[in-house]
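Here's the structure we're looking at; comments come further down.
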Amino acid sequence: MKTKIIIILLSITSTLLSTDRFTINKMLGRGINMGNMLEAPSEGAWGVTLDSTYFPLIKSKNFSSVRIPIRWSTEERTQATPPYTVNDQFLKRVKWAVDQALSNNLLAVINTHHYDELFEDPEGQHDRFLAIWRQVADYFKDYPDSLVFEILNEPNTNLTAQKWNTLLLEVLAIMRESNPKRIVMIGLAEWGGIGALSRLKLPENDTNTILTIHYYYPFIFTHQGAEWVGSSGPWEGTTWNGTYPEKQSVITDFEYVRKFAQEHAIPVYIGEFGAYSKADMVSRARWTSFCARLFEKYGFSWSYWEFCSGFGVYDPEAHTWRDELVDALISNDTSILSMEPYQIAIKENLLKNGDFSDGKRYWTFGAWNGSDASSSVTDSVFHVDITDAGTNIWDIQLTQDNVTLQKGSRYTFMFDAWANSERPLAAGVENTEDYAPYAPIPCALLGKQKRTFSYVFIMPQTRTDARAVFNFGCDTTGVHVDNVRLGLFDSLAIPIIHNFPESNAFNGLNLRPVFNKGKGTIRFSLSHTAKISFTMSDLKGRQLWYTTVNGNCGRNLISLPARIKPSAGVYYLRATFDGCNGKRETVVKPWLVLL
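For any residue, its number in the working numbering is found by taking its place in the sequence shown, counting from 1, and adding 21.
Spelled out as C-alpha cells, the structure:
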C-alpha cells in the first residue's frame, strides 16, 4: 500500500509541475508574508517565530498563499567558504514551514532575503549565492508546483540593475538543472520598486517565470515613523484619504507595469505592499484596500507585508486579527476604485520659470557617470536628446533646487510631458540632503501625446532645500517637458467628471442649480429622458440630499428641502438619468454656494 501511495504522489507531482505560470499566479491570489521570522539573523531575534497555528489561521481568512522570506547567508546557516554547505537543520526548518503551508492548502513562495553581503560585494559572494540555490533547488526538486522559488529579494547597492540582469540568468540556469519546470519569480533591482522596471531584462527562453514587484508608495505614508528609516520621524501623521490625486498616483505607477506585463506576456505578483503601524488605521485600511483591488483589477496576484509584526494583520500577543486590515485585504467590494476626477490646480507656482519661457534659467541640467545627453528649449518646451542613457535613472537629470516647503501644508507637483516614443519617466519632489522623496512619480509612462501628471502631498516637515527633479537616465528616447508647477494645493479645486456645458448637454439635459437666500433650486430641461435622480454631496463625498423624478412629467424646477442649508463653499450636484440612446449617464456639476 505504501508503494502505491508513493506512486500516486509522484504522478500528482508530475502533473502539477506542468501547470503554466499564469495559472500558478492566479492560484497565488491573495497572500500574506511570514515576515520577520526566518529572515531574521536567527529565528526569534526580531520578536517573531514560526508557529504551526499561523498557517490554518491564514487559510481561515481565505488567503491563498504565503511568502516565506528566508535569510540563508548567516555563517550559522551557510558556510562562508567553499563548498558553501547549507546547514541541514536549517533546511529542515524551511521544509517544515513549506510543508505547513502546503498541508493547509496554501501555495508557498520561498526566496533569498536580506543577503546584505551579496549587495555589498556581488563578485565576492557570487559563487556562494549560486551554491546556496543549487542546494535549495535540489532539496525541493520533488515538491509540487504549489511551491514557488523567488531568486532574490530587493537587489540593491552594488548589485546594480546591470549586474542583476546577468546574475539572475546564472541562478535561473542553476535552478533549471534540478527544477526544469518550477515557477521562478524574478524581482527588480534598486530595492524591488517600480522605478527599476525599465532596466530589467527578462530571460528570453524561459516561460516558467513570474515578475514580482514591491510597492510602498507614497513612502512618507507607508514608512512614517519606521525606526529603520532615518528620516521618517517627521513623517508621522501623514494620512491617505483616497482622494482622486492620491488614487491617480497609484494608477499612474502601475500603468507602466501593466504595459510591460502585456508586452512581455508575463504574469505579475506584488510580493510586498503595506503601511507601517505608525500610520493611522483608517488610512492604512483605505490605502491597502485600494491597492489590493487595483492589483486584482489588473490580474496581479499579491502578498501583503506582513502577518504579525510592525505591518501585521494579526496580533500574536492578543491572538486576534486586526479586522480593519483583514477586511481591506479580503473584501470583494470594488467601490474603493471609483474616482471622481479633479481639476487640479495650485495657488502659486513656487518654481521659477516653470513654463521655460525664460529658457533654462533657474534650472540645472546634467549628464553624469559616462552618460551623454543634451538639452534645449524651443517654444517654451524643454527638450532632452539622449545619446548614452547611462546605467542609473539619475545619471541624466533636470533639477531646480532651494525650494521652501512648509510642514503640514498640502502641495501639488504637476508637469506636462511626452516622448518621441513610449518610455517611462521618473520625477518628483525631494530634499537635497538625503534625497528623501515627498512627491515621487517613479514610473510615469510617457507616450507621443502630451499628458499632465500630478501628485498631491502633505509636507511632513519644513524644508528649505526641497527640489523638483526629473530623471531621464536608462532610456535613449527623447523627452519633452512643459509647464512644471509646484505649489500649495488649491482647496477649491473642482471635482468634475465631464466638462458640463450650460446647454444641450447629454441628450438635452441642462442643469442650472441656484442657492439664494437660504433656498436651493435646480432648474432643468429634459429631452427624451425617462427618469432622473439628483444627489447633492459635500467635497468629502457625504450625501446631503437625494431625490428621483419622472423625466416626462414636465417638471423643470426642484427645490431643496428646508433642512438643507449648506454653508458657503463648493458641493457636488450629481445627475443620473436614462438617455434616449438607452444608456445611463451620470454627470456631475460643481455647485458653488454663496450665502
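The beta carbon of each residue, even a glycine, is placed where N, CA and C say it ideally should be.
inquiry  = Considering only DSSP beta bridges, list what Asp455 is partnered with.
reply    = On the sequence shown, residue 455 is found 434 positions in, with the first residue counted as 1. Beta-bridge pairing links Asp455 to no other residue.
Beta-bridge partners of Asn132, as assigned by DSSP = By one-based count along the sequence shown, residue 132 stands at place 111. According to DSSP, which records beta bridges pairwise, Asn132 is partnered with Glu171.
request  = Run the CB neighbour count on Ala596, radius 10 Å, all protein chains shown included, and call it buried at 16 or more, exposed below.
outcome  = In the sequence shown, counting from the first residue as 1, residue 596 sits at position 575. Ala596 comes out buried.
ask   = Distance, Cα to Cα, Phe240 vs Leu59?
value = As a first step, residue 240 must be located in the sequence shown, where it is residue number 219. As a first step, residue 59 must be located in the sequence shown, where it is residue number 38. Approximately 25 Å between the Cα atoms of the pair.
ask   = Out of Cys329, Trp323, Phe377, which has the shortest C-alpha to C-alpha gap to Ile351?
value = On the sequence shown, residue 351 is found 330 positions in, with the first residue counted as 1. The option with the nearest alpha carbon to Ile351 is Trp323.
ask   = Mapping DSSP to helix, strand and coil, what is Thr243?
value = Here residue 243 refers to the residue found at position 222 of the sequence shown. Correct three-state label for Thr243: helix.
ask   = What three-state label does DSSP hand Arg484 in the structure shown?
value = As a first step, residue 484 must be located in the sequence shown, where it is residue number 463. Reduced to three states, the DSSP call for Arg484 is strand.
request  = Inspect the CB distances between the segment 243-258 and the segment 272-283 and report whether three or more fall short of 8 Å.
outcome  = no
message = Assuming the contact rule is C-beta atoms closer than 8 Å, Leu190 and Pro224 should be a hit. Round their C-beta distance to whole Å, please.
response = What you label residue 190 is simply residue 169 of the sequence shown in a count that begins at 1. What you label residue 224 is simply residue 203 of the sequence shown in a count that begins at 1. Correct: roughly 6 Å between the Cβ atoms.
query = Could you give the uninterrupted runs of the beta strand (DSSP E) lying entirely in the segment 157-220, keeping only those of 3 residues or more?
reply = 168-171, 205-207
ask   = Among Arg220, Gln269, Thr106, Leu168, which one has its Cα closest to the Cα of Asn200?
value = By one-based count along the sequence shown, residue 200 stands at place 179. Looking at the Cα atoms, Leu168 is the closest of the given residues.
ask   = So, is Gly449 buried or exposed, given that buried needs 16 or more other C-beta atoms within 10 angstroms?
value = Indexing the sequence shown from 1 puts residue 449 at position 428. Under this definition Gly449 is a buried residue.
task = Name the one or two DSSP bridge partners that Ala101 has.
result = Locating residue 101 in the sequence shown gives position 80, counting from the first residue. Paired residue(s): none; Ala101 is not in a bridge.
query = Would a C-beta distance cut-off of 8 Å place Ala465 and Phe478 closer than the cut-off?
reply = Position 444 of the sequence shown, counted from the first residue, corresponds to residue 465. Position 457 of the sequence shown, counted from the first residue, corresponds to residue 478. Cβ distance not < 8 Å, so Ala465 and Phe478 don't count as in contact.
request  = With DSSP as the reference, label Val402 as helix, strand or coil.
outcome  = Taking the sequence shown and counting its residues from 1, one reaches residue 402 at position 381. Val402: strand per DSSP, three-state reduction.
inquiry  = Once the 5 residues before and after Glu138 are set aside, which same chain residues still bring their CB inside 7 Å of it?
reply    = Position 117 of the sequence shown, counting from 1, holds the residue named residue 138. Answer for Glu138: Ser94, Gln146, listed in chain order.
message = I'd like the list of long-range same chain contacts for Met480, defined as Cβ closer than 7 Å, with 5 residues on each side in sequence excluded.
response = Within the sequence shown, residue 480 is the residue found at index 459, counting from 1. Around Met480: Leu426, Gln427, Lys428, Gly429, Ser430, Tyr432, Tyr459.
query = Counting along the chain, where does the alpha helix (DSSP H) carrying Tyr383 start and finish?
reply = Working through the sequence shown from its first residue, we reach residue 383 at position 362. Note, Tyr383: premise wrong, no alpha helix (DSSP H); not H, not E.
message = Please report the distance separating the alpha-carbon of Cys312 from that of Ile79.
response = Taking the first residue of the sequence shown as 1, we reach residue 312 at position 291. Taking the first residue of the sequence shown as 1, we reach residue 79 at position 58. For Cys312 and Ile79, the distance between alpha carbons rounds to 20 Å.
inquiry  = If I follow the unbroken alpha helix (DSSP H) through Arg88, where does it start and stop?
reply    = Counted from its first residue, the sequence shown places residue 88 at position 67. Note, Arg88: premise wrong, no alpha helix (DSSP H); beta strand (DSSP E) at 86-89.
request  = Could you tell me how far apart the beta carbons of Asp416 and Ala388 are, in whole angstroms, since I believe they sit closer than 8 Å?
outcome  = By 1-based counting over the sequence shown, the position of residue 416 is 395. By 1-based counting over the sequence shown, the position of residue 388 is 367. Correct: roughly 7 Å between the Cβ atoms.
query = With respect to the beta strand (DSSP E) encompassing Phe474, which residues constitute its N-terminal and C-terminal limits?
reply = Your numbering for residue 474 matches position 453 in the sequence shown. First-last of the beta strand (DSSP E) with Phe474: 472-479.
query = Could you give the residue range of the alpha helix (DSSP H) that holds Ile79?
reply = Position 58 of the sequence shown holds residue 79. 75-81 is the extent of the alpha helix (DSSP H) around Ile79.
inquiry  = With the cut-off set at 8 Å, would you say Leu419 and Ala438 are in Cβ contact?
reply    = Against the sequence shown, residue 419 aligns to sequence position 398. Against the sequence shown, residue 438 aligns to sequence position 417. Contact flag unset, no.
task = Using the Cα positions of Ser73 and Arg114, report the straight-line distance between them to the nearest angstrom.
result = Within the sequence shown, residue 73 is the residue found at index 52, counting from 1. Within the sequence shown, residue 114 is the residue found at index 93, counting from 1. Rounded to whole angstroms, Ser73 to Arg114 spans 12 Å at the Cα level.
request  = Apply the 10 Å Cβ neighbour rule to His134 and answer buried if 16 or more other Cβ atoms are within range, or exposed otherwise.
outcome  = Taking the first residue of the sequence shown as 1, we reach residue 134 at position 113. Buried: at least 16 other Cβ atoms inside 10 Å.
task = Take Pro62 and list the residues in its own chain whose beta-carbon comes closer than 8 Å to its own, dropping the five residues that flank it on each side.
result = Locating residue 62 in the sequence shown gives position 41, counting from the first residue. For Pro62, where only same-chain residues beyond five positions count, the Cβ hits under 8 Å are Arg92, Thr95.
task = Use the C-beta contact count for Asp496: other C-beta atoms within 10 angstroms, 16 or more gives buried, fewer gives exposed.
result = In the sequence shown, the residue the question calls residue 496 occupies position 475. When all chains shown are included, Asp496 counts as buried.
key: Arg302 - containing alpha helix (DSSP H), residue span   = On the sequence shown, residue 302 is found 281 positions in, with the first residue counted as 1. Reading off the sequence shown, one finds Met at residue 302, where the question assumed Arg. Taken as a continuous stretch (DSSP letters only), the alpha helix (DSSP H) holding Met302 covers 302-318.
ask   = What are the boundary residues of the beta strand (DSSP E) that includes His501?
value = Along the sequence shown, read from residue 1 onward, the residue named residue 501 stands at position 480. Segment 500-509, the beta strand (DSSP E) holding His501.
query = Taking DSSP as the reference, what is the three-state secondary structure of Leu446?
reply = The residue given as residue 446 occupies position 425 in the sequence shown. DSSP places Leu446 in strand when its eight states are reduced to three.
request  = Determine the direct distance from the alpha carbon of Trp384 to that of Glu369, and round the result to whole angstroms.
outcome  = Taking the sequence shown and counting its residues from 1, the one referred to as residue 369 is at position 348. Taking the sequence shown and counting its residues from 1, the one referred to as residue 384 is at position 363. Going from the Cα of Glu369 to the Cα of Trp384 covers about 18 Å.
request  = Check whether the Cβ atoms of Val130 and Met206 lie closer than 8 Å to each other.
outcome  = By 1-based counting over the sequence shown, the position of residue 130 is 109. By 1-based counting over the sequence shown, the position of residue 206 is 185. Against a cut-off of 8 Å, the Cβ pair of Met206 and Val130 comes out as a contact.
task = Give me the Cα-Cα distance between Thr355 and Pro461, rounded to the nearest whole angstrom.
result = If you number the sequence shown from 1, residue 355 lands on position 334. If you number the sequence shown from 1, residue 461 lands on position 440. When rounded, the distance between both Cα atoms is 26 Å.
request  = Please classify Glu211: is it buried, with 16 or more other beta-carbons within 10 angstroms of its beta-carbon, or exposed?
outcome  = Mapped onto the sequence shown, residue 211 falls at position 190. The residue in question, Glu211, is buried, as its Cβ has 16 or more Cβ neighbours within 10 Å.
task = Going by DSSP, name the residue or residues bridged to Val107.
result = One-based indexing of the sequence shown puts residue 107 at position 86. Note: Val107 sits in a beta bridge opposite Thr99.
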